[in-house]
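Asker: I'd like to ask some things about the structure below.
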Amino acid sequence: MTETILVVEDDDNLRDTLADVLEIEGYHLRTAATLQEAHASLGGVSIDMCILDITLPDGEGYSFAKTLREHSPNTMILMLTARSLNRDIEAGFESGADDYVSKPYQLKELLLRVRALLRRKSSALSAAKTTSANIFNLNGFSVNRDSHEVKSPSGESIHLTKKEFDLLCHFIDHRNKAQSRSDLLDAIWGRENYIDHRTVDNFVSKLKKQFLMEKGAEITIRTVRGVGYCLEGSP
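Encoded structure:
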């Protein structure tokens with residue numbers, strides 16, 4: 060997917076040149092010469108990155124950076140500044156900037172920073188998706204597949220053995236669908252010789268007890284006559 064970049068720069072020549080170069084690189088562009096135009100550019104459009112000049116005719120870019128960070132936390136902000144004082148650079152980072160480039164700048168350097176910031180954003184979003192996929196919330200309970208942690212709605216840790224945890228995860232992956240005892244044996248124990256249906260019943264019973272201990276909230280594992288068990292719940 061092509062990223063959208065908002066360039067906020069009051070110098071017409073700089074803004075147009077930068078916009079042309081970025082479009083040649085394949086990015087979608089939106090431009091603004093003032094803070095008012097910049098705020099108007101946010102309506103109904105997802106901005107992947109903002110290249111923001113600090114000094115604008117109707118105010119300083121710091122305020123817009125703060126607004127943008129609140130409005131769109133995942134948008135990367137690259138500040139352009141002719142100021143070299145540490146306090147100005149610090150103010151930029153404190154307002155939400157991810158990086159800055161001093162004026163006058165080389166277009167090649169700026170493009171390298173743009174690419175680096177967008178790569179960082181892509182990596183962060185991918186990591187967030189992976190983390191989200193590995194943490195499942197069910198009826199208020201949190202199940203973390205990476206750390207093998209289970210927490211109750213009140214934040215209390217629930218201790219499960221590895222097999223109990225594996226069984227819970229299998230139920231979650233097949234929630235609201237009945238699972239036969241044979242299905243559970245294959246998935247969790249792999250048909251080990253000393254394991255039978257009674258073992259499955261015992262483990263399911265333990266899981267039920269663990270989650271019924273939390274007052275006001277529970278994960279329901281229902282017995283389905285003639286079939287097996289079914290975990291009921293929603294994220």
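Everything in the sequence shown is counted per our numbering, starting at 60 for the first residue and increasing by one. Where is the CB? At the ideal position from N, CA and C, for every residue including glycine. What you are looking at is a predicted structure, and each value in this text was computed from that prediction instead of being measured.
Ignoring anything shorter than 4 residues, give me the alpha helix (DSSP H) runs that lie fully in the stretch 167–240, in order along the chain.
Answerer: With a minimum length of 4 residues, the continuous alpha helix (DSSP H) runs that stay inside the stretch 167–240 are 221–232.
Asker: Within the continuous beta strand (DSSP E) that includes residue 112, where are the two ends?
Answerer: Along the sequence shown, one-based indexing puts residue 112 at 53. Segment 108–112, the beta strand (DSSP E) holding residue 112.
Asker: Determine the direct distance from the alpha carbon of residue 262 to that of residue 239, and round the result to whole angstroms.
Answerer: In the sequence shown, counting from the first residue as 1, residue 239 sits at position 180. In the sequence shown, counting from the first residue as 1, residue 262 sits at position 203. Whole-angstrom Cα-Cα distance: 14 Å.
Asker: Alpha carbon to alpha carbon, how far is residue 107 from residue 132?
Answerer: Numbered from 1 along the sequence shown, position 48 holds the residue referred to as residue 107. Numbered from 1 along the sequence shown, position 73 holds the residue referred to as residue 132. Answer to the nearest angstrom: the Cα atoms are 10 Å apart.
Asker: My output table needs one value for residue 149: the three-state DSSP class, helix, strand or coil.
Answerer: Against the sequence shown, residue 149 aligns to sequence position 90. Helix.
Asker: Which residues bound the beta strand (DSSP E) around residue 281?
Answerer: Here the question's residue 281 lines up with position 222 in the sequence shown. Where residue 281 is concerned, the enclosing beta strand (DSSP E) stretches over 279–283.
Asker: Determine whether the beta carbon atoms of residue 67 and residue 99 lie at a separation below 8 Å.
Answerer: What you label residue 67 is simply residue 8 of the sequence shown in a count that begins at 1. What you label residue 99 is simply residue 40 of the sequence shown in a count that begins at 1. Their beta carbons are not under 8 Å apart, which means residue 67 does not touch residue 99 by this criterion.
Asker: Please report the Cβ distance between residue 40 and residue 244, rounded to the nearest whole angstrom; I am assuming they are in contact, meaning their Cβ atoms lie under 8 Å.
Answerer: Residue 40 lies beyond the stretch modelled for the chain, which goes from 60 to 294, so this question has no answer here.
Asker: Opposite residue 257 in the DSSP bridges: which residues?
Answerer: Taking the first residue of the sequence shown as position 1, residue 257 is located at position 198. Bridge partners of residue 257: none, in fact.
Asker: Could you pull the DSSP bridge partners for residue 287 from this structure?
Answerer: Position 228 of the sequence shown, counted from the first residue, corresponds to residue 287. Residue 287 is bridged to 239, 283.
Asker: Whose C-beta lies closer than 8 Å to the C-beta of residue 77 among residues of the same chain, with five residues either side of it excluded?
Answerer: Walking along the sequence shown from the start, residue 77 turns up at place 18. If the five residues before and after residue 77 are omitted, its C-beta is found closer than 8 Å to the C-beta atoms of 66, 68, 110, 166, 169, all from its own chain and listed in chain order.
Asker: When DSSP builds the beta bridges, which residues end up paired with residue 102?
Answerer: One-based indexing of the sequence shown puts residue 102 at position 43. DSSP output for residue 102 lists no bridge partner at all.
Asker: Would you mind sorting residue 266 into buried or exposed? The rule is 16 or more other CB atoms within 10 Å of its CB.
Answerer: On the sequence shown, position 207 is the one that residue 266 refers to. By the 10 Å Cβ count, residue 266 comes out buried.
Asker: According to DSSP, is residue 154 part of a helix, a strand, or is it coil?
Answerer: The count along the sequence shown starts at 1 and reaches residue 154 at position 95. Coil, per DSSP.
Asker: Please report the residue range of the beta strand (DSSP E) in which residue 91 lies.
Answerer: In the sequence shown, the residue the question calls residue 91 occupies position 32. It spans 87–91 - the beta strand (DSSP E) in which residue 91 sits, taken as one unbroken run.
Asker: Quick one: residues in its chain with C-beta nearer than 8 Å to the C-beta of residue 104, no 5 flanking neighbours on either side, listed in chain order?
Answerer: The residue you call residue 104 lines up with position 45 of the sequence shown. If we look at residue 104 and ignore the five residues flanking it on each side, its Cβ neighbours are 63, 89.
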